[in-house]
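2 protein chains.
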Amino acid sequence: MINETDQFLPLSAASLHILLALAGEDLHGYGIMLEAARQSKGRYKLGPGTLYDNLKKLLSAGMVEESRRTVEDDPRRRYYRLTGLGRRVLGAEIARLEGVVRAAKTALAGAKLRRA
Amino acid sequence: MINETDQFLPLSAASLHILLALAGEDLHGYGIMLEAARQSKGRYKLGPGTLYDNLKKLLSAGMVEESRRTVEDDPRRRYYRLTGLGRRVLGAEIARLEGVVRAAKTALAGAKLRRA
DNA sequence: ACAGATGGCTCGGAATCCGATATACCGGAG
DNA sequence: CTCCGGTATATCGGATTCCGAGCCATCTGT
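As given, the protein sequences belong to chains A and B, one line each in that order.
This note's numbering applies: residue 1 is where the first sequence begins, and numbers increase by one.
This note's numbering applies: residue 117 is where the second sequence begins, and numbers increase by one.
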């Protein structure tokens, strides 16, 4: 059983944070940068270069689309929205990371116990 | 309080899998490839190029060291061992990923509920 | 007037990825 | 006996990705 989402995994750290930022709400480019920094408590900084490279890739892969949110007070803003595919890929990546986290905890705990 | 491990984060997928493979036991290069594939159930394939690039980086950063495990039956093998720093960095990265996983679950669950 | 935040985006050098390739030994199938 | 595939190490170089510097514009606060 080949999963439709597997070809995209693993996501780069940048793509993961972009999808994650958009999972909560539609955002514009600058907002994604701020949200990524906020969610990671400033540990992960997304620069414009990385952002737009990854955004372009996500757009052409169909994981993110541009939303026609007409915000009259600021026509510069271009909002991005997570698609169904994007949501599924994010879910798959999160599931994969959970497996990695679990394996790491076992390995790290095992190393301590092995000394006995 | 600046953490000694933060400068190395986030780890590339390759570095993460290498540290993870070595967390369980000392391994040689080829063994790391096999172990990484095994741990990820074949979803993550580590090629020799990626392996040695990352291994070199990890060695010079002091997260991994070469161990003088003399295995008489195969003198070709060069074993690598996780250092204390390597173990701390892995722990910090795992903690970071747990935060990402938690945030993602909240965001994905929130998106479903918001429809109501 | 000026600095700094918001908001958009491009560019190009640096870093990374990663498969192809090379070498070498071993064991088994043909 | 020969060839092939697995074990094992390692390099090479093209492709991809990273990511800050910089450019533009607007608005707000000092």
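Ideal placement from N, C-alpha and C gives every residue a C-beta, glycine not left out.
Have a look at the DSSP bridge pairing and note the partners of residue 144(B).
As a first step, residue 144(B) must be located in the second sequence, where it is residue number 28. BP columns for residue 144(B) point to 195(B).
Residues near residue 11(A) in its chain [Cβ-Cβ closer than 6 Å; skip 5 each side]:
By 1-based counting over the first sequence, the position of residue 11(A) is 11. These residues qualify, in order along the chain: 93.
Who does residue 183(B) pair with in a DSSP beta bridge?
As a first step, residue 183(B) must be located in the second sequence, where it is residue number 67. Residue 183(B) pairs with 195(B).
C-alpha distance - residue 167(B) paired with residue 145(B), whole-angstrom precision:
Position 51 of the second sequence holds residue 167(B). Position 29 of the second sequence holds residue 145(B). So the alpha carbons of these two residues sit roughly 8 Å apart.
Where residue 164(B) falls: helix, strand or coil (DSSP)
Position 48 of the second sequence holds residue 164(B). Note: residue 164(B) maps to helix in three-state DSSP.
For the structure I just gave you, are there three or more beta carbon pairs, one from the segment 168-180 of chain B and one from the segment 78-97 of chain A, closer than 8 Å?
no
Where residue 3(A) falls, given that 16 or more other Cβ within 10 Å makes a residue buried
The residue given as residue 3(A) occupies position 3 in the first sequence. So residue 3(A) ends up on the exposed side.
Is residue 9(A) closer than 9 Å to residue 220(B) when the C-beta atoms are compared?
Here the question's residue 220(B) lines up with position 104 in the second sequence. Here the question's residue 9(A) lines up with position 9 in the first sequence. Against a cut-off of 9 Å, the Cβ pair of residue 9(A) and residue 220(B) comes out as no contact.
Residue 109(A) burial status per 10 Å Cβ neighbour count (16 or more: buried)
Counting from one through the first sequence, the residue named residue 109(A) turns up at place 109. Residue 109(A) comes out exposed.
Using 9 Å as the limit for Cβ to Cβ distance, is residue 210(B) near chain A?
As a first step, residue 210(B) must be located in the second sequence, where it is residue number 94. Residue 210(B) counts as touching chain A.
Under the criterion of a Cβ to heavy atom distance below 8 Å, does residue 101(A) qualify as lining the ligand FAD?
Among the ligands in the structure shown, none appear at all, so the ligand FAD cannot be discussed.
Distance between residue 6(A) and residue 141(B) (C-alpha atoms, nearest Å):
Residue mapping note: residue 141(B) aligns to position 25 of the second sequence, counting from 1. Residue mapping note: residue 6(A) aligns to position 6 of the first sequence, counting from 1. Cα-Cα distance, rounded: 29 Å.
Throw me the rounded Cβ distance for the residue 21(A) and residue 32(A) pair, which I believe falls under 8 Å.
Start at 1 with the first residue of the first sequence, and residue 21(A) comes out as number 21. Start at 1 with the first residue of the first sequence, and residue 32(A) comes out as number 32. 5 Å between Cβ atoms; contact.
Who are the near neighbours of residue 40(A) in its chain, counting only those whose CB is closer than 8 Å to its CB and skipping five residues on each side?
Looking up residue 40(A) in the first sequence gives position 40. Closer than 8 Å at the Cβ level, and outside the excluded window around residue 40(A), lie 17.
Residues of the segment 193-209 of chain B with a CB closer than 9 Å to any CB of chain A: list them in chain order, please.
198, 203, 206, 207 and 209
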